[in-house]
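Residues in the sequence shown are numbered consecutively from 5, following the numbering used here.
Take a look at the structure set out below.
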Amino acid sequence: MENEVLKCIYTRRSVRSFKDKLVPKEIIEKILKAGVMAPSAMNKQPWNFSVVEGKGNITRFGEKALKGWNLMSVAARLGVMLKKADSIFFNAPLLIVVSGKKKWMFLKDDINLCVENMFLAAHSLGIGSCWIGFALPLDKDKTARKELGIPMNNKIVAPLVFGYPMTENKRIPERKVNILKWIK
Ligand SMILES: Cc1cc2nc3c(=O)[nH]c(=O)nc-3n(C[C@H](O)[C@H](O)[C@H](O)COP(=O)(O)O)c2cc1C
Numbered sequence: 005m006e007n008e009v010l011k012c013i014y015t016r017r018s019v020r021s022f023k024d025k026l027v028p029k030e031i032i033e034k035i036l037k038a039g040v041m042a043p044s045a046m047n048k049q050p051w052n053f054s055v056v057e058g059k060g061n062i063t064r065f066g067e068k069a070l071k072g073w074n075l076m077s078v079a080a081r082l083g084v085m086l087k088k089a090d091s092i093f094f095n096a097p098l099l100i101v102v103s104g105k106k107k108w109m110f111l112k113d114d115i116n117l118c119v120e121n122m123f124l125a126a127h128s129l130g131i132g133s134c135w136i137g138f139a140l141p142l143d144k145d146k147t148a149r150k151e152l153g154i155p156m157n158n159k160i161v162a163p164l165v166f167g168y169p170m171t172e173n174k175r176i177p178e179r180k181v182n183i184l185k186w187i188k
């Protein structure tokens, strides 16, 4: 592989099966530091982080997210097979919820960049990760938001799980580079 950065980008995969082992604090801090090194519009750095450690705590939030889906009956409409709380967070030992001020027009853009930095940093440190869009109902759950310390004017953008991968994930979902035009 040409260099370490490209190798890291090309080999990162979403991980959905984790060892029963906590991620050490120093590693969590490195992942967070990589996140905040991302570019942000007008250098707003709009990201806030809520860190949840331990399968038990995380499954509790999984139950809340699941309840949110059931209340909305969206899971059924999407044909989503979400039956158990651990089908949301995959028994991960670490959950990081990234949120930020609702009103900031580039909130999603900035946080998306922050997240990919976190994923790549994690991967370079031997930690697997996955974005959990299915956890978004937590944004509407007052008790979950309170527990996560998320203020009213903030919105959850990215619920992320991390942990030591159970197995090496070699399957690479197909990628295409769709070039519409290349003007010289
Ligand atoms: C916004 C977003 C939401 C996602 N939500 C989920 C999710 O709820 N559950 C899940 O298993 N994977 C989720 N993923 C992971 C994608 O399925 C995964 O990135 C995609 O299949 C490509 O695979 P790769 O990450 O291994 O390259 C999400 C990814 C993104 C970017």
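Glycine is no exception: its CB is placed at the ideal position from the N, C-alpha and C atoms.
DSSP three-state label for residue 19, please. By one-based count along the sequence shown, residue 19 stands at place 15. Coil.
Which term fits residue 9, buried or exposed, when burial requires 16 or more other beta carbons within 10 angstroms of its beta carbon? Taking the sequence shown and counting its residues from 1, the one referred to as residue 9 is at position 5. Around the CB of residue 9, fewer than 16 other CB atoms lie within 10 Å, so the residue is classed as exposed.
Run the proximity test for residue 44: is its beta-carbon closer than 7 Å to any non-hydrogen atom belonging to ligand 1? Counted from its first residue, the sequence shown places residue 44 at position 40. If you check the C-beta of residue 44 against ligand 1, you find no heavy atom less than 7 Å away.
Does the beta-carbon of residue 175 have 16 or more other beta-carbons within 10 angstroms, so that it is buried, or is it exposed? Counting from 1 along the sequence shown, the entry for residue 175 is found at position 171. By the 10 Å Cβ count, residue 175 comes out exposed.
Determine the closest residue to residue 104 out of 20, 177, 153 and 137, with distance taken between C-alpha atoms. What you label residue 104 is simply residue 100 of the sequence shown in a count that begins at 1. For residue 104, the closest C-alpha among the options 20, 177, 153 and 137 is that of 153.
Heavy atom of ligand 1 within 7 Å of residue 135 beta-carbon: Here residue 135 refers to the residue found at position 131 of the sequence shown. Checking every heavy atom of ligand 1 against the Cβ of residue 135, one is found closer than 7 Å.
Just the Cα atoms here: how many angstroms apart are residue 96 and residue 51? Against the sequence shown, residue 96 aligns to sequence position 92. Against the sequence shown, residue 51 aligns to sequence position 47. Cα to Cα, residue 96 sits roughly 22 Å from residue 51.
What would DSSP say about residue 7, mapped onto helix, strand or coil? The residue you call residue 7 lines up with position 3 of the sequence shown. Reduced to three states, the DSSP call for residue 7 is coil.
Identify every residue that forms a DSSP beta bridge with residue 160. Working through the sequence shown from its first residue, we reach residue 160 at position 156. BP columns for residue 160 point to 103.
Heavy atom of ligand 1 less than 7 Å from the Cβ of residue 169, yes or no? As a first step, residue 169 is located in the sequence shown; it is residue number 165 there, counting from the start. Answer for residue 169: no, Cβ out of range of ligand 1.
Could you tell me which uninterrupted alpha helix (DSSP H) segments, each at least 4 residues in length, are contained entirely in the segment 112-164, listed from first to last along the chain? Fully enclosed alpha helix (DSSP H) runs of 4 or longer: 146-151.
Just to check, is the beta-carbon of residue 128 closer than 7 Å to a non-hydrogen atom of ligand 1? Stepping through the sequence shown from its first residue, residue 128 is reached at position 124. No - ligand 1 has no heavy atom lying nearer than 7 Å to the Cβ of residue 128.
What does a CB cutoff of less than 7 Å around residue 123 pick up in its chain, not counting 5 residues either side in sequence? One-based indexing of the sequence shown puts residue 123 at position 119. Around residue 123: 16 and 133.
Residue 57 bridges to which residues according to DSSP? Looking up residue 57 in the sequence shown gives position 53. DSSP output for residue 57 lists 98 as bridge partner(s).
Pairing CB atoms from the segment 147-163 with CB atoms from the segment 41-59, are three or more of them under 8 Å? Here the segment 147-163 lies against the segment 41-59, with 3 or more beta-carbon pairs under 8 Å apart.
Tell me whether residue 20, by its Cβ, gets closer than 7 Å to a heavy atom of ligand 1. Here residue 20 is taken as the residue at index 16 of the sequence shown, counted from 1. Indeed, a heavy atom of ligand 1 lies less than 7 Å from the Cβ.
Do residue 90 and residue 60 have their C-beta atoms within less than 8 Å of each other? By 1-based counting over the sequence shown, the position of residue 90 is 86. By 1-based counting over the sequence shown, the position of residue 60 is 56. No, the Cβ-Cβ distance between residue 90 and residue 60 is not below 8 Å.
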